[in-house]
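**Q**
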Amino acid sequence: MQTLSRKGITPLMIGFLLVSFAVAVGVVVMNLGSAEVEEEAECAVDIGLRFSKIGGEEQVCYDAAKKIFSFSVENGVNIDVKGIVVNIIGTQKAESFELNDAKMGKAGVYLGRVPFDTAVSGEIRQVKISPKIIPYDQEQVCIDQAFVIEKVKPC
Numbered sequence: 130m131q132t133l134s135r136k137g138i139t140p141l142m143i144g145f146l147l148v149s150f151a152v153a154v155g156v157v158v159m160n161l162g163s164a165e166v167e168e169e170a171e172c173a174v175d176i177g178l179r180f181s182k183i184g185g186e187e188q189v190c191y192d193a194a195k196k197i198f199s200f201s202v203e204n205g206v207n208i209d210v211k212g213i214v215v216n217i218i219g220t221q222k223a224e225s226f227e228l229n230d231a232k233m234g235k236a237g238v239y240l241g242r243v244p245f246d247t248a249v250s251g252e253i254r255q256v257k258i259s260p261k262i263i264p265y266d267q268e269q270v271c272i273d274q275a276f277v278i279e280k281v282k283p284c
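Note that my numbering has the sequence shown beginning at 130, numbered continuously upward.
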């Protein structure tokens, strides 16, 4: 009797290897594609964040006695805001405040207060507020959708 000795890859193993290779190539292509989209777009969504207006006046002021900058912002209807970054530029110094508690749902409102001492930082020249969102499981500060005010009235 003659025994046949077969050495080689069975058709089942070849099928498994081809499917594994196809999945690996697909994962690599998807990762490269999503990285390209994230690099190209700073904030692809129009957030619509702005100062609240009551009686036609923007709700932003500075209380010199308490040394507090107060403001009210409202979110648009497109995406939830997970926080804001407030940059206050004084004549002597600029300060940044990251407000992670400023979470706003769609069309939500946030009343904010940040400490700012004009004796140390000088008179307020400009205030810039930037929204923070989480579009694709990664927090993103949308500098391109920040809004600015240059004349801050006293409270």
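We put the beta carbon where it would ideally sit given N, CA and C, even for glycine.
Taking only runs that begin and end inside the stretch 183-262, name each unbroken alpha helix (DSSP H) of 4 or more residues, in chain order.
**A** Runs of the alpha helix (DSSP H) inside the stretch 183-262: 247-250.
**Q** Quick one: measure Cβ to Cβ for Ile-176 and Gly-205, integer angstroms, because I've assumed they're closer than 8 Å.
**A** Here the question's residue 176 lines up with position 47 in the sequence shown. Here the question's residue 205 lines up with position 76 in the sequence shown. Confirmed, about 6 Å.
**Q** Find out if the Cβ-Cβ distance for the pair Leu-228, Val-215 is shorter than 8 Å.
**A** On the sequence shown, position 99 is the one that residue 228 refers to. On the sequence shown, position 86 is the one that residue 215 refers to. Against a cut-off of 8 Å, the Cβ pair of Val-215 and Leu-228 comes out as a contact.
**Q** Flag this pair as yes or no: are the beta carbons of Gly-219 and Gly-241 separated by less than 8 Å?
**A** In the sequence shown, the residue the question calls residue 219 occupies position 90. In the sequence shown, the residue the question calls residue 241 occupies position 112. It is not a contact, given that the beta carbons lie outside the stated cut-off.
**Q** Checking the sheet assignment: what are the DSSP bridge partners for Pro-140?
**A** By one-based count along the sequence shown, residue 140 stands at place 11. None; Pro-140 has no bridge partner.
**Q** Report the CB separation of Cys-172 from Gln-274 in whole angstroms; it is logged as a contact under 8 Å.
**A** Position 43 of the sequence shown, counted from the start, is the residue given in the question as residue 172. Position 145 of the sequence shown, counted from the start, is the residue given in the question as residue 274. That pair is a contact at about 5 Å.
**Q** Beta carbon of Phe-180, beta carbon of Phe-245: below 8 Å?
**A** Stepping through the sequence shown from its first residue, residue 180 is reached at position 51. Stepping through the sequence shown from its first residue, residue 245 is reached at position 116. No; because the gap between Cβ atoms is not below 8 Å, this pair is not in contact.
**Q** Within 10 angstroms of its Cβ, does Pro-140 collect 16 or more other Cβ (buried), or is it exposed?
**A** As a position in the sequence shown, residue 140 is number 11, starting the count at 1. By the neighbour-count rule (16 or more Cβ atoms within 10 Å), Pro-140 is not buried but exposed.
**Q** My output table needs one value for Ile-278: the three-state DSSP class, helix, strand or coil.
**A** Residue numbering aside, residue 278 sits at position 149 when the sequence shown is read from its first letter. DSSP places Ile-278 in strand when its eight states are reduced to three.
**Q** Mark Val-166 as exposed unless 16 or more other C-beta atoms lie within 10 angstroms of its C-beta, in which case mark it buried.
**A** Translated into positions along the sequence shown, residue 166 becomes position 37. Residue confidence for Val-166 is low, a pLDDT of 48 falling below 50, so the modelled location carries little weight; the figure read from the coordinates is stated next. Looking at its Cβ environment, which holds fewer than 16 other Cβ atoms inside 10 Å, Val-166 is exposed.
**Q** Is the beta carbon of Ile-183 less than 8 Å from the beta carbon of Phe-198?
**A** In the sequence shown, counting from the first residue as 1, residue 183 sits at position 54. In the sequence shown, counting from the first residue as 1, residue 198 sits at position 69. Contact: no.
**Q** Have a look at Glu-186, Gln-188 and Leu-178 and flag the residue whose alpha-carbon is nearest the alpha-carbon of Lys-232.
**A** Counting from 1 along the sequence shown, the entry for residue 232 is found at position 103. With distances taken between Cα atoms, Lys-232 lies closest to Leu-178.
**Q** Is Val-166 helix, strand or coil when you go by DSSP?
**A** Position 37 of the sequence shown, counted from the start, is the residue given in the question as residue 166. In this predicted model, Val-166 has a pLDDT of only 48, less than 50, meaning its place in the structure is not dependable enough to derive any value.
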